[in-house]
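Participant: Got a structure here, written out as structure tokens. Questions coming.
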Amino acid sequence: MPGIIVKPRARIFHGHDWVYASEIRKLFGDPKPGDVISLKDYRDRPLGTAIYNPESQIVARRISRRKQKLDKEFFQRRIGQAIDLRERSGIDPKLARLVWSESDALPGVVVDRYGDHVVMQTLTLAMYLHREMIAEALQERLDPVSIILRNDSPMLSAEGLEEEITMMFGEKPGPFIVEASTVEGGVKFEIDLLDGQKTGLYLDQLDAHTEIAKLAKGMRVLDCFCNQGGFALACAKAGAASVTAVDSSGPAIEATLRNAELNGVEINAIKHNAFDYLKHCEDEYDLVILDPPSFTKNKKSLTNAMRGYKEIHLRGLKLLSKEGIMATYCCSHHATRELFLENIVSASVDAKKSLRQIASHGQRLDHPVLPAIPETEYLKGFVFQIIPSR
Ligand code: SAH
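Numbering-wise (the numbering used here), the sequence shown opens with residue 39 and increments by one.
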């Protein structure tokens with residue numbers, strides 16, 4: 039098997055599974071893009087098996103600490119283990135991320151289940167080349183109505199892969215309805231897996247919807263960056279006094295309105311840039327939810343991203359009633375928990391408000407964090423209440 043001799047002090051010696059170009063001491067055996075290769079240290083000791091793509095900054099991603107082939111049995115076993123974990127952790131297996139890349143030891147493979155339909159992504163070259171085998175393993179284990187390959191992530195270009203949306207199994211599904219058990223009585227969502235504009239749901243936030251809905255009864259709620267209305271719908275169903283939802287995407291607002299109707303609740307859904315909405319809003323709210331997209335994909339744009347967070351935190355706090363609550367989420371790995379908390383404190387100083395933290399949220403268990411691979415941790419959220427007497 040061809041492979042790589044890894045330089046001493048590379049991150050793989052600290053439990054990581056990636057090898058960057060700068061960490062390669064020597065290639066041997068002439069590996070080809072997409073190959074399965076072996077990793078060795080400079081004294082020729084084996085470090086395991088990896089997938090190889092010299093086009094990517096991450097040249098090798100380890101798939102096993104032992105010798106391993108990418109065969110059907112491998113995918114059956116790894117996919118099986120990933121699904122077993124979801125089933126054990128009490129997550130509704132019909133509305134969940136079943137496989138999440140490095141966290142399930144399948145780098146680049148992401149599998150989501152929405153009811154009877156499965157959506158897979160293969161975001162690394164080797165996994166893309168094995169997409170048929172992956173689909174077969176999924177089909178055998180899950181017996182779904184359809185399996186869609188939805189390769190439309192910005193990660194693809196880094197691996198030299200093209201965007202592609204195709205059916206791997208079954209017929210093209212039209213729009214269909216799933217029910218999330220986030221609040222009593224459930225929340226229905228219309229899902230359209232093939233429409234270019236809207237993917238499925240943000241599965242990683244389903245637990246947060248539940249937690250926030252618990253606080254929403256009788257409250258005037260503002261859900262900023264609402265997407266298809268995840269927080270807004272849960273709050274409305276939980277008995278909020280009023281719910282306003284803001285998103286800059288037309289299709290997201292249309293979906294929110296359709297979902298509101300589907301659930302028999304009223305949501306004032308507004309297509310607007312959330313920054314502008316927060317700036318010019320003259321209404322008061324008791325619960326403000328801020329769940330923006332990642333403002334930064336790399337370290338370089340971090341300063342600007344933190345400016346963005348500061349702006350929405352400050353504006354959000356100013357709209358709150360006396361004992362109002364702000365729930366704020368950050369899905370960028372580069373903006374760390376510490377930086378994000380500092381940012382909130384700084385906004386509260388400018389807004390002249392004292393905050394008490396009443397909850398902290400993270401990724402749902404179907405997006406497991408690997409402590410040795412910090413990149414797997416991205417989502418953090420905090421819920422703060424204004425302390426009225428100060
Ligand atoms: N809260 C949602 C997920 C939000 S995803 C949930 O729990 O399901 C982020 C959303 O922010 C996307 O729908 C995107 O359209 C929207 N968005 C991005 N930039 C925006 C902006 N400047 N103003 C308002 N919405 C924005």
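Don't be surprised by glycine CBs; every beta carbon is placed ideally from N, CA and C. Quick caveat: nothing in here was measured; it's all calculated off a predicted structure.
(1) Could you give the DSSP three-state label for residue 114: helix, strand or coil?
(2) Cβ of residue 190 versus every heavy atom of the ligand SAH: is any distance shorter than 7 Å?
(3) For residue 424 and chain B, any beta-carbon pair shorter than 8 Å?
(4) Take residue 313 and list the residues in its own chain whose beta-carbon comes closer than 8 Å to its own, dropping the five residues that flank it on each side.
(5) Taking the alpha-carbon positions, what's the residue 248 to residue 219 distance?
(6) Let me make sure I understand the geometry here. Which of 250, 359 and 299 has the alpha-carbon closest to that of residue 367?
(7) For the ligand SAH, is there any heavy atom lying closer than 7 Å to the beta carbon of residue 243?
(8) Look up residue 26 in the DSSP assignment and give the residues it is bridged to.
(9) Please find out if some non-hydrogen atom of the ligand SAH comes closer than 7 Å to the beta-carbon of residue 287.
(10) Would you check if the stretch 301-310 and the stretch 354-363 touch, i.e. whether three or more CB-CB distances between them fall below 8 Å?
(11) Starting from residue 177 and walking both ways along the alpha helix (DSSP H), at which residues does that stretch end?
(12) Is the separation between the beta-carbon of residue 183 and that of residue 155 shorter than 8 Å?
(13) Is residue 400 near the ligand SAH, with its Cβ less than 7 Å from a heavy atom?
(14) Mapping the DSSP letters down to three states, classify residue 305 as helix, strand or coil.
(15) On the criterion of 16 or more Cβ atoms from any shown chain inside 10 Å, does residue 243 qualify as buried, or is it exposed?
(16) State the Cα-Cα distance for the pair residue 60 and residue 214, rounded to the nearest angstrom.
(17) For a minimum of 3 consecutive residues, which ranges assigned as the beta strand (DSSP E) are wholly contained in the stretch 286-362?
(18) Which residues in the same chain have their Cβ closer than 7 Å to the Cβ of residue 185, if we skip the five residues on either side of it in sequence?
(19) Can the beta-carbon of residue 40 be found closer than 8 Å to that of residue 82?
(20) What are the start and end residues of each continuous beta strand (DSSP E) run of 3 or more residues lying completely inside the stretch 64-148, in chain order?
(21) Assess, as a yes-or-no matter, whether the stretch 385-399 is touched by the stretch 102-116 under the definition of 3 or more beta carbon pairs within less than 8 Å.
(22) Return the Cβ separation of residue 179 and residue 121 in integer angstroms, given the expectation that the two are a contact with Cβ distance under 8 Å.
(23) On the DSSP bridge assignment, give the partners of residue 151 in chain order.
(24) Grab the span of the beta strand (DSSP E) containing residue 398 for me, first residue to last.
(25) I believe residue 323 touches residue 362 by the beta-carbon criterion, under 8 Å. Please report the beta-carbon distance rounded to the nearest angstrom.
(26) Do you know offhand how far residue 97's Cα is from residue 196's?
(27) Just to confirm, does residue 247 get its C-beta within under 7 Å of one of the non-hydrogen atoms of the ligand SAH?
(28) Name the DSSP bridge partner or partners of residue 418?
(29) Indicate whether residue 429 and residue 285 have their beta-carbon atoms separated by less than 8 Å.
(30) Just curious, the alpha helix (DSSP H) that residue 250 is in, first and last residue?
(31) According to DSSP, is residue 240 helix, strand or coil?
Facilitator: In short:
(1) Three-state result, residue 114: helix.
(2) Residue 190 Cβ: outside cutoff for every heavy atom of the ligand SAH.
(3) Among the chains in the structure shown there is no chain B, since it carries only a single protein chain.
(4) Only 346, 349, 350 and 353 meet the Cβ criterion.
(5) Separation of residue 248 and residue 219 (C-alpha to C-alpha, rounded to the nearest whole angstrom) is 8 Å.
(6) It is 250 whose Cα lies nearest to the Cα of residue 367.
(7) At a cut-off of 7 Å, the beta-carbon of residue 243 counts as near the ligand SAH: some heavy atom of the ligand is closer than that.
(8) The requested residue 26 is not part of the displayed model; the chain covers only 39 to 428.
(9) A heavy atom of the ligand SAH is found nearer than 7 Å to the CB of residue 287.
(10) Too few Cβ pairs lie closer than 8 Å, so no.
(11) That run of the alpha helix (DSSP H) goes 169-180.
(12) Remark: C-beta atoms of residue 183 and residue 155 approach each other more closely than 8 Å.
(13) Flag unset: Cβ of residue 400 not near the ligand SAH.
(14) Here residue 305 carries a coil assignment [DSSP, helix/strand/coil].
(15) With 16 or more other Cβ atoms within 10 Å, it is buried.
(16) For residue 60 and residue 214, the distance between alpha carbons rounds to 47 Å.
(17) Whole beta strand (DSSP E) segments, 3+ residues: 306-309 and 323-328.
(18) Here the set comprises 156, 158, 173, 176, 177, 206, 207 and 208.
(19) No, these two residues do not count as a Cβ contact at 8 Å.
(20) Here the runs fully enclosed are 74-78, 84-90, 96-102 and 133-138.
(21) At 8 Å Cβ cutoff, the stretches do not touch.
(22) A Cβ-Cβ separation of about 6 Å places residue 179 in contact with residue 121 under the 8 Å criterion.
(23) Partner(s): 134 and 156.
(24) That run of the beta strand (DSSP E) goes 393-400.
(25) Their Cβ separation, rounded to whole angstroms, is 7 Å, which keeps residue 323 and residue 362 in contact under 8 Å.
(26) Whole-angstrom Cα-Cα distance: 11 Å.
(27) Distances from the CB of residue 247 to the heavy atoms of the ligand SAH include at least one below 7 Å.
(28) Partner(s): 368 and 400.
(29) The chain is shown only over 39 to 428; residue 429 falls outside these bounds and no answer can be derived.
(30) For residue 250, the uninterrupted alpha helix (DSSP H) segment begins and ends at 244-251.
(31) Correct three-state label for residue 240: coil.
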